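Here's the structure we're looking at; comments come further down.
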Amino acid sequence: MSEALYFTKEHQMVRSAVRDFVDRQINPFVDEWEEKGIAPLHELFKKMGDLGFLGIRYDPKYGGMGMDYWAETVFLEEIGRIICGGIPMAIAVQTNMATPAIAEFGSDYLKEKYLAPSIAGNLVAAIAVTEPDAGSDVGAIKTFAKKQGDHYILNGSKTYITNGTQADYLTLLARTSDDPGYHCFSLFVVDTNLPGFFVSKKLDKLGMRSSDTAELYFDNLKIPAQNLIGIEGEGFIHQMQQFQHERFSALPMAYIGAKRMVDQTVEYLKGRVVFGKPLITKQVLRHRIADWLTEIEALKALTYHIVRLKQAGQDATKEISMGKLLAGRLLCQVSDGCLQMHGGLGFMNEMWVSRAYRDSRLIAIGGGANEVMSEVIFRTSGY
Amino acid sequence: MEIVVLLKQVADTEARVAPTADGLGVSTGDAKKIINPYDEFAVEEALRIKQQLGGSVTILSAGDDKAAEAIRTALAMGADKGVLVNDPAVMASDGLGRAKILAAALKTMAFDLVLAGLRAVDDDSHLVGPAVAELLGIPHVGGVLEVTVENGSVFCLRAADSGQARVKAMLPALLSAQKGLNTPRYASMIGIMQAKKKPLQTLSLADIGISPDSVGPNAAKTITKAFMPLPQRAAGRMIEGGTAQEKAANLAKALKNEAKVI
Ligand SMILES: Cc1cc2nc3c(=O)[nH]c(=O)nc-3n(C[C@H](O)[C@H](O)[C@H](O)COP(=O)(O)OP(=O)(O)OC[C@H]3O[C@@H](n4cnc5c(N)ncnc54)[C@H](O)[C@@H]3O)c2cc1C
Ligand SMILES: Cc1cc2nc3c(=O)[nH]c(=O)nc-3n(C[C@H](O)[C@H](O)[C@H](O)COP(=O)(O)OP(=O)(O)OC[C@H]3O[C@@H](n4cnc5c(N)ncnc54)[C@H](O)[C@@H]3O)c2cc1C
Numbered sequence: 015m016s017e018a019l020y021f022t023k024e025h026q027m028v029r030s031a032v033r034d035f036v037d038r039q040i041n042p043f044v045d046e047w048e049e050k051g052i053a054p055l056h057e058l059f060k061k062m063g064d065l066g067f068l069g070i071r072y073d074p075k076y077g078g079m080g081m082d083y084w085a086e087t088v089f090l091e092e093i094g095r096i097i098c099g100g101i102p103m104a105i106a107v108q109t110n111m112a113t114p115a116i117a118e119f120g121s122d123y124l125k126e127k128y129l130a131p132s133i134a135g136n137l138v139a140a141i142a143v144t145e146p147d148a149g150s151d152v153g154a155i156k157t158f159a160k161k162q163g164d165h166y167i168l169n170g171s172k173t174y175i176t177n178g179t180q181a182d183y184l185t186l187l188a189r190t191s192d193d194p195g196y197h198c199f200s201l202f203v204v205d206t207n208l209p210g211f212f213v214s215k216k217l218d219k220l221g222m223r224s225s226d227t228a229e230l231y232f233d234n235l236k237i238p239a240q241n242l243i244g245i246e247g248e249g250f251i252h253q254m255q256q257f258q259h260e261r262f263s264a265l266p267m268a269y270i271g272a273k274r275m276v277d278q279t280v281e282y283l284k285g286r287v288v289f290g291k292p293l294i295t296k297q298v299l300r301h302r303i304a305d306w307l308t309e310i311e312a313l314k315a316l317t318y319h320i321v322r323l324k325q326a327g328q329d330a331t332k333e334i335s336m337g338k339l340l341a342g343r344l345l346c347q348v349s350d351g352c353l354q355m356h357g358g359l360g361f362m363n364e365m366w367v368s369r370a371y372r373d374s375r376l377i378a379i380g381g382g383a384n385e386v387m388s389e390v391i392f393r394t395s396g397y
Numbered sequence: 015m016e017i018v019v020l021l022k023q024v025a026d027t028e029a030r031v032a033p034t035a036d037g038l039g040v041s042t043g044d045a046k047k048i049i050n051p052y053d054e055f056a057v058e059e060a061l062r063i064k065q066q067l068g069g070s071v072t073i074l075s076a077g078d079d080k081a082a083e084a085i086r087t088a089l090a091m092g093a094d095k096g097v098l099v100n101d102p103a104v105m106a107s108d109g110l111g112r113a114k115i116l117a118a119a120l121k122t123m124a125f126d127l128v129l130a131g132l133r134a135v136d137d138d139s140h141l142v143g144p145a146v147a148e149l150l151g152i153p154h155v156g157g158v159l160e161v162t163v164e165n166g167s168v169f170c171l172r173a174a175d176s177g178q179a180r181v182k183a184m185l186p187a188l189l190s191a192q193k194g195l196n197t198p199r200y201a202s203m204i205g206i207m208q209a210k211k212k213p214l215q216t217l218s219l220a221d222i223g224i225s226p227d228s229v230g231p232n233a234a235k236t237i238t239k240a241f242m243p244l245p246q247r248a249a250g251r252m253i254e255g256g257t258a259q260e261k262a263a264n265l266a267k268a269l270k271n272e273a274k275v276i
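Residue numbers (the numbering used here), protein chains in the order written: chain A, 15 to 397; chain B, 15 to 276.
Right, dumping it as structure tokens:
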């Protein structure tokens, strides 16, 4: 098996440990969480933290496992087997979106106070960048943190924040000066139990229904100065680096998710007799499936190439952006096509494929939309 | 307490198995291999006893190269060391042959308690545990649901035909684990990382003093003549009836007269 070309025995053990956990502790509850529109993240993360799943790549000093990017990839592949998109997204916020900047740029104090308990599963994290008037254009954010003595006074609002109704802290990007350019933002850890923090509402969404997404606002919230991550004024740059971990996390989940959709659809087509023959005998369908399998394989190969780049300490911004673009398109295309192949049944909410279709739509938007990826790819291609 | 757990690697219970073309074997395709689920209960119980009384837990398996993975998984759960008897004759032995091999390996080790699974979910012969105990001349308690070790004895609750029995046995003893004994823990990441540093010793038949012709196909006491697939499940039948009452009555009739289950 080609697995052995990339993964060691130890990686394989990580794989079966995570798979076991997903099979027994997550998948049986997904329908219930989708119905409720929220998952009990404190309880779930505690279980995952106890097993060491939330800090695979992080420093053992803070409870991490100190493993490599291959181990992280195995983890992301396996949470890609969760039968919805909302739960893997909630988990990836904790491991790949809200904590990498703390681990890379945060002080020892922040690592001890926030990273370690996040790895242990005692704290639930969220990443707060997007605002009502600023999504793709991150530089347009208005939320302002004004330095005042040993505090920053935070005012403004954030929206579409995953884990937003239950997070214990936010990794938050705010403006810290009115100067033009990109050196006037800072990244903070913001406790959600501080006075001045408000959840305006939990948002109702097309898909990712088991994930709670919130709109938040801050009214003179006092952030202790020691909660600044990295260097004041460099928050935008820090966040762009953190985005690389976020965007990367979409890749394994995309090719694993797409492959699962294809597998399940083929099973259906084998049994569905139309015009006297099983649908799987139709060449037009088989060839469409072959196209998807080819693109799935290409995305996986690109992902493994990115892992090699990261292992070698090289910048992979361009390749990650390419992967994210490909992942966004692939998921839209495969989920739409698989739904189509189910005919009227695919349109029924009770079918897995209608959930897959709804959830897949986000990947082309969240964490940097396709068009934004295209911009990055062109800009980093040296023209 | 020195505890040894007998562990077998089997194909995933969800694997699709089919007789091979010659009907003399079973193919599991490229199915994932797992620890026999009953042996997982045994590993968990061993770890719990060790937590309480100290000592060490050794995993003993007779199998092929792949079986080392199952041992590593048990080490990742928390066992201390592994021993794999790896010899071509192992896979070609029947249950009794394997029991001889395991018993011979146990004779080279120190142990107070041996734990096994009640049955292996692949061969389902319920044989290896009791046969090993017999070959070693130690007590065997089968199908244990509760285990307490105290003052050189082990107290077990075991399932009996229409109730349960409390059984005391002197150590050393061999117990085979029944479903319900405990809920096995997951291998943690820390466990996985520690597992690779734990000793895993591979032994040949010569190492444990077994001559190759005393086990293997020629020494087998049982010979499987053919494996057959399960008969195809018949198509379902809709119970006819004009009203709900009529349907229910017809269903009851069918269950009583045809299926003979009520
Ligand atoms: C379910 C969900 C969860 C989310 N979770 C989080 C979270 O946890 N934290 C967080 O900070 N954010 C989160 N987001 C926000 C997400 O990152 C943004 O929605 C995304 O970045 C797009 O921003 P926007 O919605 O403001 O769209 P806009 O920026 O308004 O873009 C609208 C459209 O215009 C396109 N576009 C933008 N610029 C250009 C251009 N130059 N040329 C051509 N086309 C362009 C975009 O690609 C997009 O298709 C989440 C969103 C969703 C839906
Ligand atoms: C919301 C909704 C409302 C509806 N309302 C009505 C209604 O009021 N009355 C009514 O009678 N029906 C209704 N329908 C049923 C609808 O017309 C059927 O779902 C539709 O005709 C497809 O049939 P099917 O679902 O059996 O799919 P199937 O026939 O099983 O087809 C499955 C897939 O295979 C493809 N396929 C079929 N044959 C071939 C081929 N030869 N080569 C390649 N691909 C092929 C199809 O295009 C489709 O993508 C409704 C359906 C929905 C979802």
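Don't be surprised by glycine CBs; every beta carbon is placed ideally from N, CA and C.
Keep in mind the model is a prediction, meaning the values are calculated, not measured.
Cβ of I70 of chain A within 9 Å of any chain B Cβ:
On the first sequence, residue 70 of chain A is found 56 positions in, with the first residue counted as 1. Output row for I70 of chain A: interface = yes.
M362 of chain A: CB within 8 Å of a non-hydrogen atom of ligand 2:
Numbered from its first residue, the first sequence carries residue 362 of chain A at position 348. Under cutoff, so the answer is yes.
Ordered list of alpha helix (DSSP H) runs contained in the region 93-158 of chain A, each at least 4 residues
100-106, 114-119 and 130-134
For M336 of chain A and I391 of chain A, which I take to be in contact (beta-carbon distance under 8 Å), what is that distance rounded to the nearest angstrom?
Here the question's residue 336 of chain A lines up with position 322 in the first sequence. Here the question's residue 391 of chain A lines up with position 377 in the first sequence. Between I391 of chain A and M336 of chain A the Cβ distance is about 6 Å, and since that is below 8 Å, they are a contact.
Residues of the region 32-54 of chain B with Cβ closer than 9 Å to any Cβ of chain A, in chain order
D44, K46 and I48
Would you list, in chain order, the members of the region 30-43 of chain A that have their beta-carbon closer than 8 Å to a beta-carbon of chain B?
S30, A31, D34 and F35
Taking the straight line between their C-alpha atoms, what separation do you get for V99 of chain B and L120 of chain B?
Taking the second sequence and counting its residues from 1, the one referred to as residue 99 of chain B is at position 85. Taking the second sequence and counting its residues from 1, the one referred to as residue 120 of chain B is at position 106. Approximately 11 Å, taken between the alpha carbons.
To the nearest angstrom, how far is it from the Cα of P186 of chain B to the Cα of F125 of chain B?
Counted from its first residue, the second sequence places residue 186 of chain B at position 172. Counted from its first residue, the second sequence places residue 125 of chain B at position 111. Between P186 of chain B and F125 of chain B, the C-alpha separation is close to 7 Å.
Can you check DSSP and say which residues form a bridge with D205 of chain A?
As a working note, residue 205 of chain A is residue 191 in the first sequence. According to DSSP, D205 of chain A bridges with A:Y183.
Unbroken alpha helix (DSSP H) run spanning C346 of chain A, endpoints:
As a working note, residue 346 of chain A is residue 332 in the first sequence. C346 of chain A -> alpha helix (DSSP H) spans T331 to M355.
If you compare alpha carbons, which of A:R71, A:K125, A:A159 and A:V107 is closest to A139 of chain A?
Walking along the first sequence from the start, residue 139 of chain A turns up at place 125. Measuring from the Cα of A139 of chain A, the nearest candidate turns out to be A:V107.
Heavy atom of ligand 2 within 8 Å of K296 of chain A beta-carbon:
Here residue 296 of chain A is taken as the residue at index 282 of the first sequence, counted from 1. Answer for K296 of chain A: yes, Cβ within range of ligand 2.
Give the residues of chain A in contact with T87 of chain B, contact being defined as C-beta atoms less than 8 Å apart.
Taking the first residue of the second sequence as 1, we reach residue 87 of chain B at position 73. The contacting residues are M27 and S30.
Only counting the same chain, and skipping five residues up and downstream in sequence, which positions put a Cβ closer than 8 Å to that of R62 of chain B?
Translated into the one-based positions of the second sequence, residue 62 of chain B becomes position 48. Here the set comprises N196.
For the region 329-347 of chain A, which residues have a beta carbon sitting closer than 7 Å to at least one beta carbon of chain B?
none
Check whether the Cβ of I283 of chain B lies closer than 9 Å to any Cβ atom in chain A.
Because chain B is modelled from 15 through 276, residue 283 of chain B falls outside the range shown and cannot be assessed.
Any beta carbon from chain A within less than 9 Å of M242 of chain B's own beta carbon?
Along the second sequence, read from residue 1 onward, the residue named residue 242 of chain B stands at position 228. No, because no Cβ of chain A sits closer than 9 Å to the Cβ of M242 of chain B.
Is the separation between the beta-carbon of G72 of chain A and that of T113 of chain A shorter than 9 Å?
What you label residue 72 of chain A is simply residue 58 of the first sequence in a count that begins at 1. What you label residue 113 of chain A is simply residue 99 of the first sequence in a count that begins at 1. Just to set this straight, residue 72 of chain A is Tyr in the shown sequence, not Gly. Yes, these two residues count as a Cβ contact at 9 Å.
Could you tell me whether any non-hydrogen atom of ligand 1 is closer than 8 Å to the CB of E48 of chain A?
Taking the first sequence and counting its residues from 1, the one referred to as residue 48 of chain A is at position 34. Not so, every heavy atom of ligand 1 lies at least 8 Å from the Cβ.
L187 of chain A and S200 of chain A - do their beta-carbons sit closer together than 9 Å?
Counted from its first residue, the first sequence places residue 200 of chain A at position 186. Counted from its first residue, the first sequence places residue 187 of chain A at position 173. In this structure, L187 of chain A lies closer than 9 Å to S200 of chain A by Cβ.
Given that K210 of chain B touches chain A, what residues does it touch there, using C-beta distances under 7 Å?
Here residue 210 of chain B refers to the residue found at position 196 of the second sequence. In chain order: E24.
C-alpha gap between Q39 of chain A and A147 of chain B, whole angstroms
The residue labelled residue 39 of chain A in the question sits at position 25 within the first sequence. The residue labelled residue 147 of chain B in the question sits at position 133 within the second sequence. Rounded to whole angstroms, Q39 of chain A to A147 of chain B spans 37 Å at the Cα level.
The beta strand (DSSP E) that contains H154 of chain B, what's its start and end?
As a working note, residue 154 of chain B is residue 140 in the second sequence. Segment H154 to E164, the beta strand (DSSP E) holding H154 of chain B.
Please list, in chain order, the chain B residues whose beta carbon lies closer than 7 Å to that of M222 of chain A.
Sequence index remark: in the first sequence, residue 222 of chain A carries index 208 (1-based). Ordered by position in chain B, no residue passes the 7 Å Cβ test against M222 of chain A, which lies about 27 Å from the chain.
Cβ closer than 9 Å: which chain B residues qualify as neighbours of G66 of chain A?
Counting from 1 along the first sequence, the entry for residue 66 of chain A is found at position 52. Correct list: S202, M203, I204, G205, I206 and M207.
Taking any Cβ of chain B, which residues in the region 75-94 of chain A have a Cβ under 8 Å from it, in chain order?
M79 and M81
Using beta carbons (cut-off 9 Å, strictly below), is E164 of chain B in contact with chain A?
On the second sequence, position 150 is the one that residue 164 of chain B refers to. False, the Cβ-Cβ gap to chain A never drops below 9 Å.
Cutoff 6 Å; reference L265 of chain A; Cβ partners in own chain excluding five residues on either side
One-based indexing of the first sequence puts residue 265 of chain A at position 251. Answer for L265 of chain A: T317, G337 and A341, listed in chain order.
Are the C-beta of E83 of chain B and some C-beta of chain A separated by less than 9 Å?
The residue you call residue 83 of chain B lines up with position 69 of the second sequence. So yes, E83 of chain B belongs to the interface.
Taking just the CA atoms, how far does L188 of chain B sit from A179 of chain B?
Taking the first residue of the second sequence as 1, we reach residue 179 of chain B at position 165. Taking the first residue of the second sequence as 1, we reach residue 188 of chain B at position 174. Each residue's Cα considered, the two are about 17 Å apart.
Let's see if you can read the secondary structure: which residues bound the alpha helix (DSSP H) around F241 of chain B?
Sequence index remark: in the second sequence, residue 241 of chain B carries index 227 (1-based). Run containing F241 of chain B: none; DSSP gives neither H nor E here.
Just to confirm the assignment, what range does the beta strand (DSSP E) spanning L74 of chain B have?
For the purposes of this step, residue 74 of chain B is taken as residue 60 along the second sequence, with counting starting at 1. Residues S70 to G77.
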